[in-house]
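Numbering (the working numbering), first residue to last: 38 to 276.
All C-beta atoms in this analysis are idealised placements derived from N, C-alpha and C, irrespective of residue type, glycine included.
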Ligand code: ZN
């Protein structure tokens, strides 16, 4: 039995699948991982991506933050890929209960997924830091320099920056979903981002599957590991 057949068999016998995904899920939609900085980019920005996407940098250098954020993290033309669509299909078929994602691009919802737990927030939610008025992603992307509210306040994305804590409600829901799952599929992540990496320890189900193009940094004791692009793998699966 090949790996796809094994994966299919596991999905067939599961009724409460949870998917946990990282940047690799979005790269097949042509959204590059903002952490994968090349030399050119280092020259252009002088700071590392992690420094720029931090709370203190946002507060002190808001304009430079937005220059980077709009160019490297907001891809409003990106479309869901076969991984997003298959997960939405599995949810609609009553097989999958939750998608937990480290991505902020909203592509799971665009593909039709309903229960999406966004650990790091979303580029699609933005709010005025003074009056809390909400703004969409296009407003932020198309603004000149720092996006401003009609009240004059600065708008910030509802995205978890470095130095900031994750939303405790989202954490609780994620842990609960994983703890109740009979199958956990981890895709497109090297599992090094804390505290997300620790979530896996709550899984008590039967089938733990890792699908990642690159070698997974953390050994999680998966029953099946597939080193292929996640969209390619999931496109071969039937609900
Ligand atoms: Zn305002």
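Check, Outcome
"Taking all protein chains shown into account, do 16 or more other C-beta atoms lie within 10 angstroms of the C-beta of residue 176, making it buried, or fewer, making it exposed?", "exposed"
"Pull up the distance between the alpha-carbon of residue 204 and that of residue 213, whole angstroms please.", "14 Å"
"Please tell me whether, using a cut-off of 7 Å, the distance from the CB of residue 241 to the nearest non-hydrogen atom of the ligand ZN is below it.", "no"
"Flag residue 167 as yes when its Cβ comes closer than 7 Å to any non-hydrogen atom of the ligand ZN, and as no otherwise.", "yes"
"Taking a contact to mean a Cβ-Cβ separation below 8 Å, would you say residue 228 touches residue 123 in this structure?", "no"
"Specify the secondary structure class of residue 201 as computed by DSSP and reduced to three states.", "coil"
"If you count every other CB in all the chains shown that lies within 10 Å of the CB of residue 206, and 16 or more means buried, which is it?", "exposed"
"Exposed or buried, residue 65, counting other C-beta atoms within 10 Å across all chains shown (16 or more means buried)?", "buried"
"Relative to the alpha-carbon of residue 141, which residue among 119, 62, 185 has its alpha-carbon at the smallest distance?", "62"
"Within the present structure, is the beta-carbon of residue 276 separated from the nearest heavy atom of the ligand ZN by less than 7 Å?", "no"
"In angstroms with no decimal places, state the Cα-to-Cα distance between residue 130 and residue 111.", "31 Å"
"Can you tell me where the beta strand (DSSP E) holding residue 159 begins and where it ends?", "158-165"
"Output needed for residue 240: all residues of its chain with C-beta closer than 6 Å, excluding positions within five of it in sequence on either side, in chain order.", "215, 221"
"Can you determine whether any heavy atom of the ligand ZN sits closer than 7 Å to the C-beta of residue 170, and answer yes or no?", "yes"
"Leaving out the 5 sequence neighbours to the left and right, which residues in its chain are closer than 6 Å to residue 56 when beta-carbon positions are compared?", "124, 136, 222"
"Could you name the residues that DSSP lists as bridge partners for residue 155?", "138"
"Could you work out which residue in 162, 183, 182 is closest to residue 174 when comparing CA atoms only?", "162"
"Quick check on DSSP: helix, strand or coil for residue 47?", "helix"
"Quick check on residue 202: buried or exposed, where buried means 16 or more other Cβ atoms within 10 Å of its Cβ?", "exposed"
"For residue 10 and residue 273, what's the separation of their Cα atoms in angstroms?", "Look at the range of the chain in this structure, 38 to 276, and you will see that residue 10 is not part of it."
"Less than 7 Å between the CB of residue 143 and some heavy atom of the ligand ZN, yes or no?", "no"
"Keeping to the same chain, check which residues put their C-beta closer than 7 Å to that of residue 119; ignore five residues upstream and five downstream.", "268, 271, 272"
"Pull up the distance between the alpha-carbon of residue 126 and that of residue 148, whole angstroms please.", "9 Å"
"Look at the alpha carbon of residue 263 and the alpha carbon of residue 150, and state the distance between them as a whole number of angstroms.", "23 Å"
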